[in-house]
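If you read the sequences in order, they're chains A and V. Here the first sequence is numbered in the numbering used here, starting from 1 and rising by one per residue. Here the second sequence is numbered in the numbering used here, starting from 1 and rising by one per residue. Note that CB positions come from ideal geometry on N, CA and C, so glycine has one too. Reviewing the structure listed below.
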Amino acid sequence: EAGVAQSPRYKIIEKRQSVAFWCNPISGHATLYWYQQILGQGPKLLIQFQNNGVVDDSQLPKDRFSAERLKGVDSTLKIQPAKLEDSAVYLCASSLEANNQPQHFGDGTRLSIL
Amino acid sequence: LAKTTQPISMDSYEGQEVNITCSHNNIATNDYITWYQQFPSQGPRFIIQGYKTKVTNEVASLFIPADRKSSTLSLPRVSLSDTAVYYCLVGDSNSGYALNFGKGTSLLVTP
């Protein structure tokens, strides 16, 4: 089966600019996750969708980050305006359901803020 | 959420068995234990998941004692390609097990 697809792989922007990331999960996977991984740390969950509804966004900085999952399939994560501390890898993952299923990760988008 | 504690790093030679232990003293009754592997520039990859006793698949074994306050990931006969970061996660869907990746254990395998 095709894996989780993410684009772009790399993005360089200046602070205060906006940026968007796209994720296409594995076909049939109801649950989609966005993570932020800062260099040297483990992934931190930003938001979790079940179909097109938000399950958990408690760690999403809502003043600058937003995410949507239209029609319960693809998802986009946006940052506006970006700050220097947003430099990280943004990972998307999906799973069949949320109940103890393994998550399948994409290879992420590496964001650098100048 | 159950907090996990793992060694920051481990070293091994090729061909040896590697055991990485994770402590999770406040694991809840419904919690599962899941291990992921991550290579540089890639997303984490699921290795194994268990609830109690022993689970084995084609790449690893997971040992969980009766009190479930710790777990050990066992990698038999490691190769250079097993050099990666290994994460232990504890939780279930209700408690948000997706959140708690921690810093993981960086395993270096050398010839």
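query: Cut-off 7 Å between Cβ atoms - residues of its own chain near Asn51 of chain A, not counting five sequence neighbours on either side; result: Ala30 and Gly72
query: Residue burial classification, Leu70 of chain A (beta-carbon count within 10 angstroms, cutoff 16); result: exposed
query: DSSP state of Gly50 of chain V mapped onto helix, strand, coil; result: strand
query: Where Glu68 of chain A falls: helix, strand or coil (DSSP); result: strand
query: Proximity winner among V:Ser70, V:Gly102, V:Ile48 and V:Ser74, relative to Cys22 of chain V (alpha-carbon distances); result: V:Ser70
query: Test: Asp107 of chain A CB closer than 7 Å to a CB of chain V; result: yes
query: Strand pairing of Lys78 of chain A, partner residues [DSSP]; result: A:Ala20 and A:Ser66
query: Residues near Tyr87 of chain V by beta carbon distance below 6 Å, same chain, minus five either side; result: Tyr36, Phe101 and Gly104
query: Beta-carbon proximity of Ser61 of chain V to Ser79 of chain V, cut-off 7 Å; result: no
query: Span of the beta strand (DSSP E) around Lys44 of chain A; result: Lys44 to Gln50
query: Residue nearest to His104 of chain A in terms of C-alpha spacing, selected from V:Ser9, V:Phe46 and V:Asp11; result: V:Phe46
query: Cβ separation of Ala82 of chain A and Ser18 of chain A, assumed to be a contact under 8 Å, to the nearest whole Å; result: 7 Å
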